[in-house]
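Enquirer: Residue numbers (this note's numbering), protein chains in the order written: chain B, 3 to 114; chain G, 5 to 119.
The following block contains the structure, expressed as structure tokens.
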Amino acid sequence: GNSVTQMEGPVTLSEEAFLTINCTYTATGYPSLFWYVQYPGEGLQLLLKATKADDKGSNKGFEATYRKETTSFHLEKGSVQVSDSAVYFCALRLAGAQKLVFGQGTRLTINP
Amino acid sequence: EPEVTQTPSHQVTQMGQEVILRCVPISNHLYFYWYRQILGQKVEFLVSFYNNEISEKSEIFDDQFSVERPDGSNFTLKIRSTKLEDSAMYFCASRPEGLIGNTIYFGEGSWLTVV
């Protein structure tokens, strides 16, 4: 079946640290890949996406590259801020499919 | 920027009561969804709706659930007889017509507590 596995959380870092949140997927077809972010008390917001192999999605200093050979879409940021504290969800959607399949989410806390 | 809006933001209901969660999707979107997130767990797909009918549903979406688009703007989720295990955050979402990669936009969620 189709599934997404994310790095176990919670993750706690100091401000300006380098961030990586791992995400790997299993899919029967060719998915589009997404990172969504959920800030405290808010809904899910799209952070970035990639629709085909080797695409790089980027937004707000975050990046993720669609790696077909390793079936991965790891989220990275070079220098995190306190305001990046949130829960991050990796997700996939197969071409022609309706639904998003989410990973379990990774809670990130950035300390000043 | 257009957004998906949901009401209520939080509802507490007695077990066995009916609940209706309301959503106003983004106006030019054609696909509508409900997802839920039980506290501490994954976001789970419930149902998708297109062209005035359910296009896909998960095994969670059993006979106690129904969806409706009663007019041109609202999209509702009804839970007929709530159970304790229905306590969750319910997210409405929508996306425009299109193929690969079209973004699904989520509302801020309706937190349902069944007591």
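For every residue, glycine included, the Cβ atom is placed at its ideal position computed from N, Cα and C.
Check Val-84 of chain B in the structure and name its three-state DSSP category.
Expert: Here residue 84 of chain B refers to the residue found at position 82 when the first sequence is read from its first residue. Helix.
Enquirer: How is the beta strand (DSSP E) around Asn-113 of chain B delimited, first residue to last?
Expert: Residue numbering aside, residue 113 of chain B sits at position 111 when the first sequence is read from its first letter. First-last of the beta strand (DSSP E) with Asn-113 of chain B: 108 to 113.
Enquirer: Start and end of the beta strand (DSSP E) containing Gly-93 of chain G?
Expert: If you number the second sequence from 1, residue 93 of chain G lands on position 89. It should be pointed out that residue 93 of chain G corresponds to Met in this sequence rather than to Gly. First-last of the beta strand (DSSP E) with Met-93 of chain G: 92 to 99.
Enquirer: In the structure shown, what three-state DSSP assignment does Leu-21 of chain B receive?
Expert: Within the first sequence, the letter at position 19 stands for residue 21 of chain B. In the structure shown, Leu-21 of chain B sits in a strand (DSSP, three-state: E or B).
Enquirer: For the stretch 56 to 67 of chain G, which residues have a CB atom closer than 9 angstroms to at least one CB atom of chain B, in sequence order?
Expert: Cβ contacts with chain B come from Ser-59, Glu-60 and Ser-62.
Enquirer: Note down, one range per segment and in chain order, each beta strand (DSSP E) of at least 3 residues found wholly within the stretch 30 to 100 of chain G.
Expert: Counting whole runs of 3 or more residues, the stretch 30 to 100 of chain G contains the beta strand (DSSP E) stretches 35 to 41, 47 to 54, 57 to 61, 69 to 72, 79 to 83 and 92 to 99.
Enquirer: When we look at the beta-carbon of Ala-55 of chain B and count the other beta-carbons within 10 Å, is it buried (16 or more) or exposed?
Expert: Against the first sequence, residue 55 of chain B aligns to sequence position 53. So Ala-55 of chain B ends up on the exposed side.
Enquirer: Considering only their Cβ atoms, is the gap separating Tyr-35 of chain G from Val-47 of chain G smaller than 8 angstroms?
Expert: Stepping through the second sequence from its first residue, residue 47 of chain G is reached at position 43. Stepping through the second sequence from its first residue, residue 35 of chain G is reached at position 31. Not closer than 8 angstroms, so no.
Enquirer: Are any of the Cβ atoms in chain G nearer than 8 angstroms to that of Phe-104 of chain B?
Expert: Counting from one through the first sequence, the residue named residue 104 of chain B turns up at place 102. Interface residue, yes.
Enquirer: Roughly how many angstroms lie between the CA atoms of Met-19 of chain G and Thr-53 of chain B, to the nearest whole one?
Expert: The count along the second sequence starts at 1 and reaches residue 19 of chain G at position 15. The count along the first sequence starts at 1 and reaches residue 53 of chain B at position 51. Taking the straight line from one Cα to the other gives about 43 angstroms.
Enquirer: Over what stretch of residues does the beta strand (DSSP E) that includes Asn-61 of chain B continue unbroken?
Expert: For the purposes of this step, residue 61 of chain B is taken as the residue at position 59 of the first sequence. Start and end: 58 to 61.
Enquirer: Can you round the beta-carbon distance between Ser-59 of chain G and Leu-50 of chain G to whole angstroms, since I take them to be within the 8 angstroms contact cut?
Expert: Within the second sequence, numbered from 1, the residue matching residue 59 of chain G stands at position 55. Within the second sequence, numbered from 1, the residue matching residue 50 of chain G stands at position 46. So it is not a contact: roughly 12 angstroms between Cβ atoms.
Enquirer: With distance defined between alpha-carbon atoms, name the residue in B:Phe-64, B:Gly-3, B:Gln-47 and B:Tyr-27 nearest to Gly-105 of chain B.
Expert: Along the first sequence, read from residue 1 onward, the residue named residue 105 of chain B stands at position 103. Nearest option by C-alpha distance: B:Tyr-27.
Enquirer: Does DSSP put Thr-11 of chain G in a helix, in a strand, or in coil?
Expert: What you label residue 11 of chain G is simply residue 7 of the second sequence in a count that begins at 1. The answer is strand: DSSP assigns Thr-11 of chain G an E or B state.
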